[in-house]
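A.B. asks:
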Ligand code: ASP
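In our numbering, the protein residues as written are 17 to 339.
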């Protein structure tokens, strides 16, 4: 049997509902301890509670700490696969940061639950069992960090939370899952063709995420110039266009060597320099705005935080954002 390390970080999967008030909160004993006998028949399990955080409390610093902890465990002990349990709100961000920074090649799977441990139809135990099966599977190697919930296997790069409460919330818009968990085993049907890796040891950059909207003006972007901001990601309109009133502020940020990365507020497709009108993608690109490759805003922000640790050259950053 494989040696699998389970790391708990908190979230609904580790909580229970108070029967009188209805509030979902952290419980004393970890509720997944009751599932350990079931997973012990699948692998040799080591179980650790690293954090007890609702995932809105998770920070990039915590995520990097998690990455370092995994690397230490893999070097010091014979860990062959890792499962991380996590709150679903920022699960995709932790999974993607690990995908960018982790220097290990064993399967790393992130999972969570939409229903707490004592709710009817609680999905935590099932998702944990599925994730251990994936982490213990040889074909899960070399596919980057994986996210497993609701019988689906997604890449950290493409997956996003799409529903506030449905158990089928995790989807990979445009690409779909890369594999399925079935009663008979693990079935991968797609293989990611490239993996973006930037081993950084700390994250010190302040990167802001903004969303564009009809009638947006320069007020918020102008305010950024007076703050200690190292980079800005904007969820732009459509294929990568901005309202014209924002342009002087974008130009100003670029003049001050603050990189501006565009993603789209559409959750399918990629941004490109197509439109030539004022605020269109072509003039923005000419101005020096960096175009991303289909990442959503929250992941592009993490990627800019990571890549800014390696370079502040906007051309090099643009190359990295094409991957
Ligand atoms: N708000 C919770 C969290 O992210 C949701 C969940 O875990 O599903 O911690």
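We put the beta carbon where it would ideally sit given N, CA and C, even for glycine.
The model shown is predicted, which means the values in this text are computed figures rather than measured ones.
#1: By alpha-carbon positions, which one of 71, 317, 282 ends up nearest to residue 126?
#2: Let me check you understand the geometry: is the CB of residue 129 closer than 7 Å to at least one non-hydrogen atom of ligand 1?
#3: Return yes when at least one heavy atom of ligand 1 lies under 7 Å from the C-beta of residue 100, else no.
#4: I'd like to check one pair, residue 179 with residue 185: are the Cβ atoms closer than 8 Å?
#5: When you compare the CB of residue 103 with every CB in chain B, is at least one pair closer than 8 Å?
#6: Helix, strand or coil for residue 97 per DSSP?
#7: Using only Cβ atoms and a threshold of 5 Å, which residues come within that distance of a heavy atom of ligand 1? Order them by chain position.
#8: Looking at the secondary structure, which residues open and close the alpha helix (DSSP H) in which residue 52 lies?
#9: Under 8 Å by Cβ, that's how I've got residue 106 and residue 81 pegged, so tell me the actual separation to the nearest angstrom.
#10: For the beta strand (DSSP E) that residue 252 lies in, which residues bound it at each end?
#11: When the Cα atoms are used, what is the spatial distance from residue 192 to residue 316?
#12: If you draw a straight line from the C-alpha of residue 251 to the C-alpha of residue 63, how long is it?
#13: Looking only at DSSP bridge pairs, what is residue 225 linked to?
#14: Tell me, please, which residues DSSP counts as bridged to residue 168.
#15: Since residue 326 and residue 214 are thought to touch, with beta carbons under 8 Å apart, how far apart are those beta carbons, to the nearest angstrom?
#16: For residue 133, tell me which candidate among 305, 270, 46, 23 has the shortest Cα-Cα distance.
#17: Can you tell which of 237, 69, 308, 207 has the C-alpha that lies nearest to the C-alpha of residue 279?
#18: Quick one: what's residue 330 bridged to in DSSP?
C.D. replies: Working from what's here:
#1: Checking every option, the nearest Cα to that of residue 126 belongs to 71.
#2: For ligand 1, at least one heavy atom lies less than 7 Å from the Cβ of residue 129.
#3: At a threshold of 7 Å, residue 100 does not count as near ligand 1, since its beta carbon sits no closer than that to any of the ligand's heavy atoms.
#4: Closer than 8 Å, so yes.
#5: No chain B appears in the structure shown, which is made up of a single protein chain.
#6: Residue 97: strand per DSSP, three-state reduction.
#7: In chain order, the qualifying residues are 27, 28, 70, 71, 103, 104, 105.
#8: Element bounds for residue 52: 52-56.
#9: Here residue 106 is actually not in contact with residue 81; their C-beta atoms are around 15 Å apart, not less than 8 Å.
#10: For residue 252, the enclosing beta strand (DSSP E) starts and ends at 247-252.
#11: Going by the C-alpha atoms only, they are around 19 Å apart.
#12: Between the C-alpha atoms of residue 251 and residue 63 there is a straight-line separation of about 39 Å.
#13: DSSP output for residue 225 lists 249 as bridge partner(s).
#14: DSSP, once it has assigned bridges, lists 165, 196 as partnering residue 168.
#15: At roughly 6 Å, the Cβ-Cβ gap stays under 8 Å, so residue 326 and residue 214 are in contact.
#16: Between residue 133 and the set 305, 270, 46, 23, the nearest pair of CA atoms involves 46.
#17: The residue with the shortest Cα to Cα distance from residue 279 is 308.
#18: In the DSSP secondary-structure assignment, residue 330 is not bridged to any residue.
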